[in-house]
DNA sequence: CGCGGATTTGAACTGAATCAATCGACGTGG
DNA sequence: CCACGTCGATTGATTCAGTTCAAATCCGCG
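Protein chains in written order, with the numbering used here: chain A, 32 to 275; chain B, 32 to 275.
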């Protein structure tokens, strides 16, 4: 039994998978009806572009399912992933005309899209909503700074271990976790080797070699190239900060 | 002739050097009086700690003059500067109990300090004020992501050129600019070689060598180790993104 | 079953780190 | 006024982690 919004449309939000974890969680029932009225679903296949760098921003979105990579690209083709977002993250740069980066679906993605104008109006009318987005932004900034330490100062093996540890830790939220076998965590990697390399500031070859080392060290197992089991989480954590 | 606040104190804000550029710019005269009442000046000498990592946050501040570095440090001593802030930037991490990084004065610094509680109350009562801080945070996030591209994908010479270009561009705002001689820009470096290395993810030796190369290429001149003149700004920009 | 992109593996190379002096500016005290 | 010590910066020689170039090999999929 679904609620109806004022204009008679089905109230999708009430059955939304990320209803309580997304920014919308800061909204009341009435406000939710308002946002429901302007929201549209959009499915993006893995590898497709969501927003180009320098493209005019016309919408914002919640990630309902899947993974999105935010990438910076240099004139000569070198690229760096500067943000990785999963459900229920918010996607978009408020208060700016053009996108400062390239947003692409890393896996198949389901978005809940809001037109820019209406969303910004809602934002200015609901201080609690803006505060929630502000807090999310601060968390993203903290994450970006953690990643700066990784990019600037960690070795290749620490980088790869840190990445796998991060995915393992977040896999239940990301929705890529398999039923936890035995003691370890198992999950499907949301990124290709090439994406991992672009996220860590390495080459694919180095990523592959370092994953190989973790495998021979008995810290992880690979069932397929993108199916990982962490068999020694403590060992992985140690490898991530080189305390071993 | 200075204004008096309600409690009779001198209204310092009205003569503040960063009055119109700092977050306080979002406040009305009344609100300014309120914040003036809780603000205190604090002078920090170069090299002194403003806030330790994991230390409980008890205050926020505006940087009135000087440069502050935000640093992440690993257990084995490796460190990475994850943010560099200048007047009139805002200093502090709202909505969090403990500081996610170490904040240290890079040069002598003058701060305008607000106690946490009062500041947060003001923040929640004045939506415009919170929005202003939100916008500043988004800009910091953009800057952090630009730096991630630098850390992950640029070469040592590109990193050093990018850094000098950034300082040259911002030197008028930072207050380290000398009267512009001839065509070029001259300024005082707000960081030591060691700090520059920690900001770029390099060693001091590499930083020194790359600055040397820019000097022999006729792009910059060094009057003293920290006194720089950019004689070929286009050349510097080209070296920063390797389009040359 | 075979094709094509993704991944792994190997060998050689190189950019930046490391190790090691030396230099220079500045403040202190003889 | 100059020798001395300190700290930051430069310069040089060597090493090594990670890249580059070049083949295999592995899957996923029609």
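All C-beta atoms in this analysis are idealised placements derived from N, C-alpha and C, irrespective of residue type, glycine included. None of the values given here were measured: they were computed from a predicted structure.
Three-state class that DSSP yields for residue 47 of chain A in the structure shown = For the purposes of this step, residue 47 of chain A is identified with residue 16 of the first chain, where counting begins at 1. Correct three-state label for residue 47 of chain A: coil.
Indicate whether at least one CB of chain A lies closer than 8 Å to the CB of residue 172 of chain B. Taking the second chain and counting its residues from 1, the one referred to as residue 172 of chain B is at position 141. A Cβ of chain A is located within less than 8 Å of the beta carbon of residue 172 of chain B.
request  = Give every residue of the same chain whose Cβ lies closer than 7 Å to the Cβ of residue 124 of chain A, excluding the five residues on either side of it in the sequence, and list them in chain order.
outcome  = Here residue 124 of chain A is taken as the residue at index 93 of the first chain, counted from 1. Excluding positions up to five away in sequence, the list reads 88, 130 and 131.
Indicate whether the contact test is met: 3 or more Cβ pairs, each with one atom in the stretch 225-235 of chain B and one in the stretch 173-191 of chain B, closer than 8 Å. yes
- prompt: Within 8 Å (strictly less), CB to CB, does residue 105 of chain A reach chain B?
  reply: What you label residue 105 of chain A is simply residue 74 of the first chain in a count that begins at 1. Output row for residue 105 of chain A: interface = yes.
* Terminal residues of the beta strand (DSSP E) in which residue 115 of chain B lies -> Counting from 1 along the second chain, the entry for residue 115 of chain B is found at position 84. 110-117 is the extent of the beta strand (DSSP E) around residue 115 of chain B.
Could you give the C-beta distance for residue 121 of chain A and residue 54 of chain A, rounded to a whole number, given that I count them as a contact under 8 Å? By one-based count along the first chain, residue 121 of chain A stands at place 90. By one-based count along the first chain, residue 54 of chain A stands at place 23. The Cβ separation is near 5 Å, so the contact holds.
- [ ] Report the residue from B:176, B:257, B:254 and B:250 whose alpha carbon sits nearest the alpha carbon of residue 270 of chain B.
- [x] Residue numbering aside, residue 270 of chain B sits at position 239 when the second chain is read from its first letter. Closest option to residue 270 of chain B, Cα to Cα, is B:250.
When burial is assigned at 16 or more other CB atoms within 10 Å of the CB, is residue 114 of chain A buried or exposed?
On the first chain, residue 114 of chain A is found 83 positions in, with the first residue counted as 1. Buried: at least 16 other Cβ atoms inside 10 Å.
Legend entry - alpha helix (DSSP H) segments (min. 4 residues) lying fully within the stretch 138-192 of chain B: Counting only runs of 4 or more, we get 147-156 and 158-184.
Original post:
Can you give the Cα-Cα distance for residue 160 of chain B and residue 139 of chain A, rounded to whole angstroms?
Top reply: As a position in the second chain, residue 160 of chain B is number 129, starting the count at 1. As a position in the first chain, residue 139 of chain A is number 108, starting the count at 1. So the two alpha carbons sit approximately 39 Å from each other.
- Query: In chain A, which residues lie with their C-beta within 8 Å of the C-beta of residue 161 of chain B?
  - Reply: Along the second chain, one-based indexing puts residue 161 of chain B at 130. What residue 161 of chain B touches in chain A: 158, 161, 162 and 165.
Where do the ends of the beta strand (DSSP E) carrying residue 74 of chain B lie? The count along the second chain starts at 1 and reaches residue 74 of chain B at position 43. Unbroken beta strand (DSSP E) run through residue 74 of chain B: 71-75.
* Should residue 184 of chain A and residue 109 of chain B be called a contact, given that it needs their Cβ atoms to be closer than 8 Å? -> Translated into positions along the first chain, residue 184 of chain A becomes position 153. Translated into positions along the second chain, residue 109 of chain B becomes position 78. Yes, they are a contact pair.
Next item on the list: Verify the CB distance criterion: does residue 108 of chain B have a CB-CB separation below 8 Å to chain A?
Entry: Position 77 of the second chain, counted from the first residue, corresponds to residue 108 of chain B. Chain A contact via Cβ: absent.
Tell me residue 217 of chain B's beta-bridge partners as DSSP assigns them.
-> The residue you call residue 217 of chain B lines up with position 186 of the second chain. Beta-bridge pairing links residue 217 of chain B to B:260.
Residue nearest to residue 98 of chain A in terms of C-alpha spacing, selected from A:242, A:204 and A:273: Here residue 98 of chain A refers to the residue found at position 67 of the first chain. For residue 98 of chain A, the nearest C-alpha among the options comes from A:204.
#### Entry: Nearest-angstrom Cα separation, counted from residue 217 of chain A out to residue 259 of chain A
As a position in the first chain, residue 259 of chain A is number 228, starting the count at 1. As a position in the first chain, residue 217 of chain A is number 186, starting the count at 1. Whole-angstrom Cα-Cα distance: 6 Å.
Beta carbon of residue 116 of chain B nearer than 8 Å to that of residue 81 of chain B:
Position 85 of the second chain holds residue 116 of chain B. Position 50 of the second chain holds residue 81 of chain B. Not a contact, by the Cβ cut-off of 8 Å.
Residue 33 of chain A classed as buried or exposed, judged by whether at least 16 other C-beta atoms fall within 10 angstroms:
Indexing the first chain from 1 puts residue 33 of chain A at position 2. Residue confidence for residue 33 of chain A is low, a pLDDT of 46 falling below 50, so the modelled location carries little weight and cannot support an answer.
| Is the Cβ-Cβ distance between residue 222 of chain B and residue 134 of chain B less than 8 Å? | One-based indexing of the second chain puts residue 222 of chain B at position 191. One-based indexing of the second chain puts residue 134 of chain B at position 103. No, the pair does not count as a contact, with Cβ atoms beyond the cut-off.
With distance defined between alpha-carbon atoms, name the residue in A:195, A:158 and A:264 nearest to residue 238 of chain A.
Indexing the first chain from 1 puts residue 238 of chain A at position 207. Looking at the Cα atoms, A:195 is the closest of the given residues.
Query raised in the report: What three-state label does DSSP hand residue 98 of chain B in the structure shown?
Result: On the second chain, position 67 is the one that residue 98 of chain B refers to. The answer is strand: DSSP assigns residue 98 of chain B an E or B state.
Practice task
Check the C-beta distance from residue 46 of chain A over to residue 186 of chain A and give it rounded, since I have them as a contact under 8 Å.
Solution key: Taking the first chain and counting its residues from 1, one reaches residue 46 of chain A at position 15. Taking the first chain and counting its residues from 1, one reaches residue 186 of chain A at position 155. 46 Å between Cβ atoms; not a contact.
*Would you say residue 150 of chain B reaches chain A, if we count a Cβ-Cβ gap shorter than 8 Å as a contact?*
Taking the first residue of the second chain as 1, we reach residue 150 of chain B at position 119. With 8 Å as the cut-off, residue 150 of chain B does not count as an interface residue toward chain A.
Quick one: which chain A residues come within Cβ less than 7 Å of residue 111 of chain B? The count along the second chain starts at 1 and reaches residue 111 of chain B at position 80. Within chain A, the residues near residue 111 of chain B are 179, 180, 183 and 184.
> Residues of chain B with CB under 7 Å from residue 125 of chain A, in chain order?
Replying inline: In the first chain, counting from the first residue as 1, residue 125 of chain A sits at position 94. For a Cβ distance threshold of 7 Å, residue set 169 of chain B lies close to residue 125 of chain A, ordered along the chain.
*asked:* Please report the distance separating the alpha-carbon of residue 152 of chain B from that of residue 162 of chain A.
replied: As a position in the second chain, residue 152 of chain B is number 121, starting the count at 1. As a position in the first chain, residue 162 of chain A is number 131, starting the count at 1. Using only the alpha carbons, I get a separation of about 13 Å.
Determine the chain A residues that contact residue 266 of chain B at a beta-carbon separation under 8 Å, and present them in chain order.
In the second chain, the residue the question calls residue 266 of chain B occupies position 235. Correct list: empty, because the minimum Cβ distance to chain A is about 17 Å.
Using a Cβ-Cβ distance under 8 Å, would residue 175 of chain B count as near chain A? For this step, residue 175 of chain B is matched to residue 144 along the second chain. It does: the Cβ of residue 175 of chain B has a partner Cβ on chain A nearer than 8 Å.
- [ ] With 7 Å as the limit, tell me which residues of the stretch 223-240 of chain B have their beta carbon closer than that to any beta carbon of chain A; keep them in chain order.
- [x] 232
In chain B, which residues lie with their C-beta within 9 Å of the C-beta of residue 272 of chain A?
Against the first chain, residue 272 of chain A aligns to sequence position 241. Those are 105, 106 and 107, listed as they occur along chain B.
Can you say whether residue 126 of chain B is buried or exposed, counting buried as having 16 or more other CB atoms within 10 angstroms of its CB? If you number the second chain from 1, residue 126 of chain B lands on position 95. It counts as exposed.
### Query
What residue does the beta strand (DSSP E) around residue 80 of chain B start on, and which one ends it?
Sequence index remark: in the second chain, residue 80 of chain B carries index 49 (1-based). Taken as a continuous stretch (DSSP letters only), the beta strand (DSSP E) holding residue 80 of chain B covers 80-82.
Say whether chain A places a C-beta atom closer than 8 Å to the C-beta of residue 114 of chain B.
Taking the second chain and counting its residues from 1, one reaches residue 114 of chain B at position 83. It does: the Cβ of residue 114 of chain B has a partner Cβ on chain A nearer than 8 Å.
If I measure Cβ to Cβ from residue 77 of chain B and keep anything under 7 Å in the same chain, skipping five residues before and after, which residues do I get?
Here residue 77 of chain B refers to the residue found at position 46 when the second chain is read from its first residue. So the qualifying residues of the chain are 136, 137, 138 and 139.
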